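Data first, discussion second: the structure below is written as structure tokens.
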Amino acid sequence: MKTAIIDYGSGNLHSAAKAFERALRDNEIDGKIVVTDNPQTVTQCDHIVLPGVGAFADCRKGLDNVDGMMEALEEVVISRARPFLGICVGTQLMATRGLEKSVTQGFNWIGGEVREIEPDDDNLKIPQIGWNTINVINKHELLKDIQTGPDGRHAYFVHSYHLVADNRNHIIAECDYGGAVTAIVGRDNMIGTQFHPEKSQKLGLALIANFLRWNP
Amino acid sequence: MSLKARIIPCLDVKDGRVVKGVSFVDLIDAGDPVEAAIAYDSAGADELCFLDITASSDNRGIIFDVVSQTAEHCFMPLTVGGGVRELVDIRNLLNAGADKVAINTTAVKNPDFVAQAADKFGNQCIVISIDAKRVSNQNQGNRWEIFTHGGRQSTGIDAIEFAQLVVEKGAGEIMLTSMDQDGQKSGYDLALTRSIADAVQVPVIASGGVGTLDHLVEGIRDGHANAVLAASIFHFGTYTIYEAKHYMNNNGIAMRLD
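As they're listed, the protein sequences go chains A and B. For any residue, its number in my numbering is found by taking its place in the first sequence, counting from 1, and adding 1. For any residue, its number in my numbering is found by taking its place in the second sequence, counting from 1, and adding 58.
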């Protein structure tokens, strides 16, 4: 089993790769993690991870600058329906469009827009930085055996924008930050977390292990 | 709101070694920052901060190895500061495994650098580290100014105005150290912390002066900070991260205890 972590000049690929390798090891899953900017390699992998740190428009541009990568993603995720995990801006790119700084087209895999979070409490700071619990909206295999809800485990968020999905069925989990903020979206063979599983200690490593075992 | 307050142990690293050492657990090598990071990770720290105080530019690259090795073992957020002068420094730290980069002197000298950094890497990873010192007399209104070079060099820049300026330029977080309180163990400068936290929309990390667990509580409750940074009380085992988190939680501050 080969997992591709896509390198398009954005994000902390080293940490992500190390967390995925650790999850393989700890759970005795037979597999390999490949950090790659080669579209051909991506199409040969069984699981696909799209990380992303920074602004929506910059990340989109970075991805478009890798010749053939968008086509490879469409092929492997849409046509071949292989398991896909977005992380942070990698998740936001799954939306129809992003509204950060400018209006930028996303993949339109999850209908909806990426908008600035607007807490209903003026004392809450933007960005949301830190550890928050998540509330499950639609059950999902990636949250198997992970304690969620107000007394559950915490995930590490660092963001000012989130994906507001058109279809409530595509929201897997939310967190509360002066109102509901999208934490996980997904449908079919694709899922994306707004938080950083590679930095979320126990919850993060468990979710990554569930992804590596996922066979949608 | 269920976002938790954060406790951030901070390690001063010079030429790849922890300065003053860490004596809180059975470390084989108390001067090894990676070993200290691993210990703090398993102790439940919410974030870790490395401050690179390497003086010679020849040894500046060593911190990248330290960060990279830490990222291999620790799956927690890592902020790294010290000596960030150019965009490539930020890129290298992020690539090595840092999640956020703290910028101090360069932001004071050139606030537009903050805008360039935020545009390139996103506001969320740009932390501006502010060293402030009280310059007003006791019978005057409060005034703090930015100091550089470890608090020795005055700049004449008002700390609150500077905080607002860097946030406008794109800073995602402020790490605020009181140079008056640093090392005193008598608590944060709460008036300073609150003045800045209330003046900006981004999270503020309180730093400088922690001696007791009550000081941590005060930093959040009275200083309106979102995170509390401390060094010696944790490094020398006065308190564990576990004790600190439970104490804060029992005193009305929601903490992550898992």
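All C-beta atoms in this analysis are idealised placements derived from N, C-alpha and C, irrespective of residue type, glycine included. Quick caveat: nothing in here was measured; it's all calculated off a predicted structure.
Cβ of LEU250/B less than 8 Å from any chain A Cβ?
-> no
Contact between the stretch 164–182 of chain A and the stretch 111–131 of chain A: three or more CB pairs below 8 Å?
-> yes
For GLN242/B, three-class secondary structure by DSSP = coil
Opposing strand residues paired with TYR1/A [DSSP bridges] | Outside the shown range of chain A (2 to 217) lies residue 1/A, about which nothing can therefore be said.
Inspect the beta-carbon positions of ILE7/A and VAL54/A and report whether they are closer than 8 Å.
-> no
Are the C-beta of LEU61/B and some C-beta of chain A separated by less than 8 Å?
-> yes
Mark GLY180/A as exposed unless 16 or more other C-beta atoms lie within 10 angstroms of its C-beta, in which case mark it buried.
-> exposed
By the criterion of Cβ-Cβ separation under 9 Å, what are the contact partners of CYS68/B in chain A?
-> Ordered by position in chain A, no residue passes the 9 Å Cβ test against CYS68/B, which lies about 16 Å from the chain.
Of all the CB atoms in chain B, is at least one closer than 8 Å to the CB of HIS155/A?
-> yes
Compute the Euclidean distance between the alpha carbons of LEU213/A and ASP240/B, then round it to the nearest angstrom.
-> 46 Å
Closer than 8 Å, CB to CB, is ASN109/A near chain B or not?
-> no
Exposed or buried, which one is ASN162/B when buried takes at least 16 other CB atoms within 10 Å?
-> buried
Compare the Cα-Cα distances from ARG26/A to each of ASP123/A, ALA207/A, HIS197/A, LEU94/A and report the closest residue.
-> ALA207/A
Given a threshold of 16 other Cβ atoms within 10 Å of its Cβ, counted over all protein chains shown, does MET313/B qualify as buried or as exposed?
-> buried
Which stretch, first to last residue, makes up the alpha helix (DSSP H) that contains ALA94/B?
-> 91–101
How about GLY205/A: is its C-beta nearer than 8 Å to some C-beta of chain B?
-> yes
Do the stretch 84–104 of chain A and the stretch 119–138 of chain A meet, that is, are 3 or more Cβ pairs less than 8 Å apart?
-> no
Taking C-alpha atoms, which residue in SER253/B, GLY281/B, LEU151/B, ILE65/B lies nearest to GLN127/B?
-> LEU151/B
Hey, HIS163/A and ILE118/A: beta-carbon distance below 8 Å or not?
-> yes
Please compile the residues from chain A whose C-beta is within a distance smaller than 8 Å of the C-beta of PRO261/B.
-> LYS126, PRO128, ILE130, GLY131
Check whether the Cβ of ASP240/B lies closer than 8 Å to any Cβ atom in chain A.
-> no
Do VAL268/B and ALA288/B come within 8 Å of each other at the CB atom, strictly closer than that value?
-> yes
Given that a residue counts as buried once 16 or more other Cβ atoms are within 10 Å of its Cβ, and exposed if not, what is ALA82/A?
-> exposed
Could you give the DSSP three-state label for GLY91/A: helix, strand or coil?
-> helix
Same chain only: Cβ atoms within 7 Å of GLU22/A, ignoring 5 sequence neighbours per side = ILE34
Closer than 8 Å at the beta carbon, the chain A residues around GLN182/B = VAL54, PRO128, ILE130, VAL159, HIS160, SER161
Would you mind giving the Cβ-Cβ distance between ALA189/B and THR235/B, rounded to the nearest angstrom? I have them listed as a contact below 8 Å.
-> Looking at the sequence shown, residue 189/B is not Ala but Asp. The Cβ separation is near 5 Å, so the contact holds.
Do you know whose CA, among ASN190/A, PHE158/A, HIS160/A, ASP122/A, lies nearest HIS171/A's CA?
-> ASN190/A
Contact set for ARG75/B: own chain, Cβ-Cβ below 8 Å, skip 5 residues either direction = GLY89, ASP90, PRO91
THR37/A versus ARG98/A, LEU74/A, ASP31/A, LEU204/A, residue with shortest Cα-Cα distance | LEU74/A
Between which two residues does the alpha helix (DSSP H) containing PRO40/A stretch?
-> 40–44
Among SER244/B, LYS227/B, VAL260/B, nearest to ASP123/A - alpha-carbon criterion | VAL260/B
So, helix, strand or coil for GLU231/B, using DSSP?
-> strand
Which residue from VAL78/A, ALA18/A, GLN93/A, ASN39/A puts its Cα closest to that of ASP68/A?
-> ASN39/A
State the start and end residues of the unbroken alpha helix (DSSP H) segment that holds VAL146/B.
-> 145–154
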